[in-house]
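Novice:
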Amino acid sequence: MTPIRISFFAILFAMAFGTANADKWTDILQTYAADTTTRQILLVKCTQGSNAEVEFYIKQADNSWLLERADTAHIGEKGLGKQREGDKKTPEGNFGIREAFGIKANPGTVIPYIDVTPTIYACGDRYYYNQIIDTKKKPHRCRGEHMIKYVPSYNYGLSTTYNPNNIRGLGSAIFFHCTSESPSTAGCVAVTEDFMVQILQKSDTGLKICIHQK
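In this note's numbering, the protein residues as written are 196 to 409.
#1: Report the rounded CA-to-CA distance for TYR252 versus LEU261, giving the unit in angstroms.
#2: Which residue or residues does DSSP assign as beta-bridge partners of TYR345?
#3: Of the residues GLU250, GLU280, ILE309, which one's Cα is nearest the Cα of ALA385?
#4: Which ranges would you report for the beta strand (DSSP E) in the segment 295-383 if only whole runs of at least 3 residues count?
#5: One question on the structure: do GLY339 and ALA381 come within less than 9 Å of each other, judged by their Cβ atoms?
#6: Would you kindly work out how many angstroms separate the C-alpha atoms of THR400 and TYR322, rounded to a whole number?
#7: Hey, how far is the Cα of PRO313 from the Cα of PRO302?
#8: For SER377, count neighbouring Cβ atoms within 10 angstroms of its own Cβ and tell me buried if that reaches 16, exposed if not.
#9: Which residues does DSSP pair with ALA256 in a beta bridge?
#10: Ignore the nearest five residues each way along the sequence and tell me which others in GLU263's own chain have a CB closer than 8 Å to its CB.
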């Protein structure tokens with residue numbers, strides 16, 4: 196796919212003459228164009244059920260956005276609107292990232308990367324809720340996701356800032372990760388592995404993940 200540059204002028208034009216739904220996405224691009232800490236954006240446009248479209252933008256020197264890639268994705272089995280742990284819904288909103296991770300080796304990202312070994316868990320327990328932990332360093336019988344078992348979903352991924360205060364029961368382990376054979380997730384966003392690698396290689400800690408209804 197040939198990258199597409201979206202300038203400030205194009206954004207303002209769409210806001211002036213586009214539809215209400217188009218404004219939502221151009222508003223996001225305009226807002227983060229002015230944010231010097233944000234250099235990449237993933238727009239997750241949820242369509243119907245567990246289906247979505249993802250657009251990956253990279254900011255240019257003149258603060259325009261370059262559409263690097265667009266592809267299909269999967270979200271939660273029950274769609275958007277996460278409210279609690281286990282509801283199989285994907286949260287709606289704009290999120291940052293905590294860290295990258297993978298069962299496979301770091302593909303070259305500058306984002307802090309957790310190698311998923313047999314002692315790595317996405318913890319759902321009281322003291323480490325909504326955190327990726329190493330049980331060698333934080334010993335306990337973890338009842339969360341034993342991440343190394345989630346092949347190919349966790350071959351590569353990003354941990355989002357959903358539930359930043361790690362409040363138990365609001366939902367945990369909301370990741371952006373690789374697709375599997377399933378047409379849905381338990382609340383995460385999933386894209387193909389090659390797309391996931393591309394995102395990791397071209398992103399830094401300023402990446403934003405914006406998830407909304409199309």
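Just so you know, even glycine gets a beta-carbon here, dropped at the ideal spot from N, CA and C.
Every value quoted in this text rests on a predicted model; they were computed, and no experiment measured them.
Specialist: In short, the structure shows the following:
#1: Reading the sequence shown from its first residue, position 57 is the one you call residue 252. Reading the sequence shown from its first residue, position 66 is the one you call residue 261. Cα to Cα, the separation comes out at about 5 Å.
#2: Taking the first residue of the sequence shown as 1, we reach residue 345 at position 150. None, per the DSSP bridge assignment.
#3: Looking up residue 385 in the sequence shown gives position 190. Nearest C-alpha to ALA385: GLU250.
#4: 308-310, 315-318, 326-329, 352-355, 370-373
#5: Counting from 1 along the sequence shown, the entry for residue 339 is found at position 144. Counting from 1 along the sequence shown, the entry for residue 381 is found at position 186. It is not a contact, given that the beta carbons lie outside the stated cut-off.
#6: Residue mapping note: residue 400 aligns to position 205 of the sequence shown, counting from 1. Residue mapping note: residue 322 aligns to position 127 of the sequence shown, counting from 1. Inter-residue distance for THR400 and TYR322 is about 26 Å (C-alpha atoms, whole angstroms).
#7: As a position in the sequence shown, residue 313 is number 118, starting the count at 1. As a position in the sequence shown, residue 302 is number 107, starting the count at 1. Looking at the two C-alpha atoms, the distance is approximately 20 Å.
#8: Taking the first residue of the sequence shown as 1, we reach residue 377 at position 182. Exposed: under 16 other Cβ atoms inside 10 Å.
#9: By one-based count along the sequence shown, residue 256 stands at place 61. Partner(s): none; ALA256 has no beta bridge.
#10: In the sequence shown, the residue the question calls residue 263 occupies position 68. The residues PRO198, PHE251, TYR252, ILE253, GLN393, LYS397, in chain order, have a CB closer than 8 Å to that of GLU263 in the same chain once the five nearest residues on each side in sequence are set aside.
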